[in-house]
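Residue numbers (the working numbering): 41 to 428. Everything below concerns the one structure shown next.
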């Protein structure tokens, strides 16, 4: 099975997404992106190495220079595109899908994911499978060994947080990286924020020892570790580390809905002014109620990260995200980013001496039930939400 959508491509690596079949996607990407350097990275799935090597090999034969970031979070590749001369990039990841799957995400020159029309065009080029002549001047593969360090420094330097205040608290944090792409990045991020770090599932070997999504039912070991270590909080990510879930000091998973709410609460406390936020339709009303109480507003977009980003650009929003633990901060780059999320949640925790459970209890309390339906409904997101 091969799934193609605005989120990219995902398929079973034994049959549908192999090193051989991925080459045609590299060829299509070459035809769509402007002339210049391409950024590449992958999550920790063992199948990813052959796929990324095949794609980079094809791109260099076509004359492209490729900067290889290695095993890094998806947002790290986006950050690197945003902060270099790269004209785009790709990530080999199946996100929260099981180990039998892998996938591809495609990054534009502005560091955001491909827009729906660009995905359609890429798939058309893939289906056409036109052979391209090799370049007379082949490119090279350039290893980038400091991508995570650069990303961490940028997050620790965010203007919307108080780094010294966070570091003074010396928070004790348990991090569960599901042995994925965030296995090195998240501990380094936490250490840079002055935290004492207890690592859980932090070997980037692709051995997913729990359910891949950071949902409460998959975080029992993390919850237990938080209480046994008397930690201030626990954090969990998915295999490509673009989503973050939070566990309080009592070992209770707050649910992914509250990652963005905590980040936004701290953001509003420090800015002291009204802000415009964007969330998608698959997000509870908690952020709306928080924003209303602080003279701010929330606008809804269709589901899909790029739809949130496009709406942020449309209304001039600096902070947005999704109810799946995704936090998007313009100051860093326009993509869901667990390193940004960790930093902003700790910033909120540093603003008072209250425990994380007490901070959570002070927020608007909502629950949301998510399910998939067969029918595709075209409607204005605001028209759907306004009666609620």
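A virtual CB, placed ideally from N, CA and C, is assigned to each residue, including glycine.
Start-to-end residues for the beta strand (DSSP E) that takes in residue i
i	result
residue 231	Per DSSP, residue 231 belongs to no beta strand (DSSP E); it is in the alpha helix (DSSP H), 225 to 232.
residue 79	78 to 82
residue 42	42 to 45
residue 115	Unbroken run through residue 115 is the alpha helix (DSSP H), 114 to 122; no beta strand (DSSP E).
residue 276	273 to 277
residue 429	No answer is possible for residue 429: the residues shown for the chain start at 41 and end at 428.
residue 240	236 to 240
residue 110	106 to 111
Residue i versus residue j - alpha carbon distance
i	j	result
residue 209	residue 350	36 Å
residue 256	residue 359	25 Å
residue 264	residue 382	20 Å
residue 211	residue 236	6 Å
residue 242	residue 113	13 Å
residue 98	residue 172	10 Å
residue 111	residue 215	18 Å
residue 277	residue 329	26 Å
residue 247	residue 334	43 Å
residue 62	residue 80	14 Å
residue 425	residue 324	Because the pLDDT at residue 425 is just 49, under 50, the model does not fix this residue reliably, and the value given afterwards should be weighed accordingly. Roughly 10 Å between the two C-alpha positions.
residue 374	residue 170	32 Å
residue 293	residue 185	34 Å
residue 251	residue 213	21 Å
residue 417	residue 259	Bear in mind that the predicted position of residue 417 carries a pLDDT of just 48, short of 50, making it unreliable; the figure below should be weighed with that in mind. About 33 Å.
residue 303	residue 405	15 Å
residue 119	residue 139	25 Å
residue 356	residue 176	44 Å
residue 224	residue 189	10 Å
residue 121	residue 49	20 Å
residue 161	residue 130	16 Å
residue 308	residue 42	42 Å
residue 318	residue 397	25 Å
residue 95	residue 53	15 Å
residue 137	residue 196	30 Å
residue 275	residue 286	5 Å
residue 249	residue 156	34 Å
residue 384	residue 75	36 Å
residue 437	residue 238	Residue numbering for the chain in the displayed model covers 41 to 428; residue 437 lies beyond these limits and cannot be assessed.
residue 336	residue 71	43 Å
residue 332	residue 322	19 Å
residue 142	residue 85	8 Å
Where the alpha helix (DSSP H) containing residue i begins and where it ends
i	result
residue 92	87 to 101
residue 261	260 to 268
residue 67	59 to 72
residue 127	Here residue 127 belongs to no alpha helix (DSSP H), and DSSP marks it neither H nor E.
residue 206	203 to 209
residue 285	From DSSP, residue 285 is part of no alpha helix (DSSP H) but of the beta strand (DSSP E) over 284 to 287.
residue 347	345 to 355
residue 306	297 to 311
residue 167	156 to 168
Identity of the residue in the options nearest residue i by Cα
i	options	result
residue 181	345, 328, 92 and 379	92
residue 377	300, 141 and 130	300
residue 365	405, 341 and 282	282
residue 272	262, 247 and 288	288
residue 83	76, 132 and 190	132
residue 51	386, 135, 267 and 176	135
residue 194	116, 311 and 267	116
residue 153	367, 346 and 284	346
residue 233	240, 325 and 206	206
residue 200	379, 356, 344 and 311	311
residue 400	295, 317 and 355	295
residue 291	267, 327 and 225	267
residue 280	302, 176 and 144	144
residue 158	45, 250, 75 and 305	45
residue 231	356, 43, 203 and 269	203
residue 245	337, 155, 89 and 331	89
residue 198	398, 386, 396 and 403	386
residue 371	123, 75, 95 and 43	123
residue 395	270, 332, 85 and 141	270
Rounded distance between the beta-carbons of residue j and residue i, thought under 8 Å
i	j	result
residue 320	residue 362	5 Å
residue 100	residue 183	Contact doesn't hold; Cβ gap of about 13 Å is too wide.
residue 192	residue 127	Not confirmed; about 24 Å, so no contact.
residue 339	residue 316	7 Å
residue 174	residue 102	7 Å
residue 298	residue 342	No, residue 298 and residue 342 are not in contact; Cβ-Cβ is about 22 Å, not under 8 Å.
residue 47	residue 344	7 Å
residue 367	residue 284	7 Å
residue 262	residue 240	6 Å
residue 379	residue 305	About 19 Å separates the two Cβ atoms, so there is no contact after all.
Closer than 9 Å to chain B by CB, residue i
i	result
residue 296	In the structure shown, chain B cannot be found, because there is only a single protein chain.
- Stretch-stretch touch, CB-based, cutoff 8 Å, three pairs: the region 335 to 354 with the region 383 to 393: The region 335 to 354 vs the region 383 to 393: no contact.
- Message: Three or more C-beta pairs under 8 Å: does that hold for the region 153 to 165 against the region 62 to 71?
- Response: Segment contact: the region 153 to 165 against the region 62 to 71, three or more CB-CB distances shorter than 8 Å; contact assigned.
- Would you call the region 46 to 60 and the region 102 to 110 in contact, with 3 or more CB pairs under 8 Å? Judged by pairs of C-beta atoms under 8 Å, the region 46 to 60 does not touch the region 102 to 110, as fewer than three such pairs exist.
- Decide if the region 138 to 149 is in contact with the region 218 to 228; the criterion is three or more beta carbon pairs, one per stretch, under 8 Å apart. No: the two stretches stay apart, fewer than three of their Cβ pairs being nearer than 8 Å.
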